[in-house]
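This report concerns only the one structure given below.
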Amino acid sequence: MKKQKKRKLDYVVISDVHLGTYGCRAKELLSYLKTIQPNVLILNGDIIDIWQFNKRYFPKSHMSVIKHITGLLSKGTEVYYITGNHDEMLRKFKGFQLGNFKILNKLIINLDGKKAWIFHGDVFDVTMQHSKWLAKLGGKGYDLLILINTFINWISSLFGKGKLSLSKKIKNSVKSAVKFINNFELIASDIAIENNYDYVICGHIHQPEIREIENNKGKTVYLNSGDWIENLTSLEYSNKKWRLYEYSKDKLAQKNEEHQKKQKSNSLKKEDTTNFIFDELLKEFDIQKPLK
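Pasting the structure below:
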């Protein structure tokens, strides 16, 4: 496969990857990341799912995403890790900086004379603020729904049918879910307008969006980067414009993914996910496994 020319971008915003969960589409994300060359990469929360982290499940594809991002750092890309609710343990490291990498709770940047306010968004979630155990239970339920959805789509593919998303259907049909999303967008935009931000950029609700919102005090552009579980979306900024990236429309990234699948099937018959993290640490420290 010929080496493809990467798209040069000023900013890329990715959120809600949930590495370490069954629903995470790490292979697709890696394929996308390999097609771009951003000056700044903003990881806007819930990148590693510490809530549901299990050392027995952290496949090579998930580790490959982390390795690729660290590789971008070595090539001069600035990487900001903005904490979310699923990786909230990192909030105690707010302000930590190592080279081009920095951990933050929020980020304010100047984009061609306009101000952008970037944060994950769980601060607006009443469930998160007042009943964390309920939110965690909901997270596990969501993960189970994704697992069921994966099985249904596998059956569907056997019969030559297209994929469907159960949680997207639920979110789009349940009135309370639709109301929550609308309220989230309006609250974020109202505060942004109050503070004279031209852009407000969030994640958290897994609902990709770019739209202008206006109230009696002014207007702002609300943006949401979506997620890498169902929507497979990100936000890209170049030539003084924002655009919503959708993996489903990116033939080049999909081609890269198919190529990676072929390479892996030729070299590996089965991926051992159980001891992968431990094995990687042994390699890193040049330690050999003890003989049984």
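Position 168 of the sequence shown, counted from 1, bears residue number 154 in the working numbering, the numbering being contiguous throughout. Where is the CB? At the ideal position from N, CA and C, for every residue including glycine. The model shown is predicted, which means the values in this text are computed figures rather than measured ones.
TODO: Have a look at valine 109 and histidine 190 and give me their C-alpha separation to the nearest angstrom.
DONE: 10 angstroms
Open item on the list: Give me, in chain order, the residues of the same chain whose beta-carbon lies closer than 7 angstroms to that of leucine 93; leave out the 5 immediate sequence neighbours on both sides.
Closed with: Ile28, Tyr66, Ile68, Ile104
Task: Between the CA atoms of aspartate 176 and glycine 204 - distance to the nearest angstrom - done: 9 angstroms
Open item on the list: From the DSSP secondary-structure annotation, give me the bridge partner or partners of aspartate 227.
Closed with: The question names aspartate, yet the displayed sequence has lysine at residue 227. DSSP, once it has assigned bridges, lists Ser224 as partnering lysine 227.
Task: Closest by C-alpha distance to isoleucine 22, when choosing among Val(-2), Lys241, Val207 - done: Selection Val(-2), Lys241, Val207 evaluated against isoleucine 22 yields Val(-2) as nearest (Cα-Cα).
Task: Cβ separation of tyrosine 185 and leucine 209, assumed to be a contact under 8 angstroms, to the nearest whole Å - done: With 8 angstroms as the limit, tyrosine 185 and leucine 209 qualify as a contact, their Cβ atoms being about 6 angstroms apart.
Task: Whether valine 3 touches threonine 63 by CB criterion (8 angstroms) - done: Cβ distance not < 8 angstroms, so valine 3 and threonine 63 don't count as in contact.
Open item on the list: To the nearest angstrom, how far is the alpha carbon of glycine 6 from that of isoleucine 141?
Closed with: 24 angstroms
Task: 8 angstroms Cβ cutoff met for serine 224 and asparagine 30 - done: no
Task: Buried versus exposed, by CB contacts within 10 Å (16 or more), glycine 70 - done: buried
Task: DSSP state of asparagine 201 mapped onto helix, strand, coil - done: Looking at asparagine 201 - three-state DSSP - the assignment turns out to be strand.
TODO: Could you tell me the distance, in whole angstroms, from the CA atom of lysine 226 to the CA atom of glutamate 195?
DONE: 18 angstroms
Open item on the list: At a cut-off of 7 angstroms, would you count threonine 7 as near the ligand NAP, judging by its Cβ distance to the nearest heavy atom?
Closed with: As presented, the structure is devoid of all ligands, the ligand NAP included, so that no description of it is given.
TODO: Starting from valine -1, follow its DSSP beta bridges and name the residues at the other end.
DONE: In DSSP, valine -1 forms a bridge with Ile28, Leu221.
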